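Using the working numbering, the letters of the sequence shown map in sequence onto residues 77 to 283.
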Amino acid sequence: MKNLKAIISSLSMLLAVCQFSPVQATNPTEQVAKSTALPVYQNIIQDISLSYEDSMLVGSIKLNSDLILRIVDYKTRDDNVMNTWSQGDVVTFTGHLQDEALVLSVRRINRPHEEKVEAYAIFDLTESPESGLRITEVNDHGKFVKLSDGSIWDFSWLNRLSTSKWRAGERVIVDGQGKTNSYNFVNLDAPVSKKVHSACASFVVQQ
């Protein structure tokens, strides 16, 4: 594997490649935004199963990355709308800590304007132990992070407060439509006590 430090030494050239040349995307959807040539990172529902436990509509979502999430509660609930979530829907995530656990707020993209459903879910480590994108390298105290799909990312000094504590092997969810060079990361494996689960990055290059 080519050392990431060698790439960092020629960052200016890489940024030029990112901004002005098409990239070869090997992310979960293998798409590139036509207007920007930036990669599209989407989390797509591959399978969803819902049922009632007492009065709560709960269940599981399997993503195109094979990650499995368990729906445990809602920030905004509407069971009729929730039951319309289906295979092929694109969802986006925001991570937050609750009761010493990482909880993901899940919303559906391209939803009807009036839809306000936001589910709370947790990552099912038991059912998807090897799934998802992983960090393979962290360099310059978290400024540059390389993922298992060969993509390299640049994090601002503020975001490095989190990424400097990330480690190789940890799984991440990446979310970004490629319209601008800004992508949201949620680290699923970072120790909760460190409070470093979220960060925002710019795409640099695809190896």
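By construction, the Cβ of each residue, glycine as well, lies at the ideal position given by its N, Cα and C atoms. All of these numbers come straight from a predicted model, not from anything done at the bench.
{"query": "Identify, in the order they occur along the chain, each residue of the same chain with its Cβ nearer than 6 Å to the Cβ of K192, setting aside the five sequence neighbours on each side.", "result": "T152"}
{"query": "S127 lies in the beta strand (DSSP E); which residues open and close that run?", "result": "N119 to E129"}
{"query": "Whole angstroms are fine: how far does the CA of G171 sit from the CA of A275?", "result": "10 Å"}
{"query": "Tell me which residues share the same chain as Q107 and place their Cβ nearer than 8 Å to its Cβ, disregarding the 5 neighbours each side in the sequence.", "result": "A101, P115, V116, Q118 and G254"}
{"query": "Do the segment 234-244 and the segment 193-209 touch if we need at least three Cβ pairs shorter than 8 Å?", "result": "no"}
{"query": "From D230, E194 and L209, pick the residue whose C-alpha is nearest to that of N215; which is it?", "result": "D230"}
{"query": "Using the C-alpha atoms, what's the distance from I228 back to Q282?", "result": "6 Å"}
{"query": "What do you reckon, are the CB atoms on S125 and S111 nearer than 9 Å?", "result": "no"}
{"query": "Going by beta carbon distance, what residues of the same chain come within less than 6 Å of V166, once the five residues before and after it are set aside?", "result": "Q118, I120 and I185"}
{"query": "Quick test of your reading: L178 and L264, contact by CB under 8 Å. State the CB separation rounded to the nearest angstrom.", "result": "7 Å"}
{"query": "Just how far apart, CA to CA, sit M132 and D149?", "result": "8 Å"}
{"query": "Go ahead and label A277 buried or exposed: buried means 16 or more other beta carbons lie within 10 angstroms of its beta carbon, across all protein chains shown.", "result": "buried"}
{"query": "Does the beta-carbon of R219 have 16 or more other beta-carbons within 10 angstroms, so that it is buried, or is it exposed?", "result": "The sequence shown places Lys at residue 219, not Arg. Buried, because 16 or more other Cβ atoms sit within 10 Å of the Cβ of K219."}
{"query": "Starting from N159, follow its DSSP beta bridges and name the residues at the other end.", "result": "Bridge partners of N159: none, in fact."}
{"query": "What three-state label does DSSP hand K241 in the structure shown?", "result": "coil"}
{"query": "In the segment 209-241, which residue ranges form an unbroken alpha helix (DSSP H) of at least 4 residues, counting only runs that do not cross its ends?", "result": "236-239"}
{"query": "Alpha carbon to alpha carbon, how far is S224 from V134?", "result": "31 Å"}
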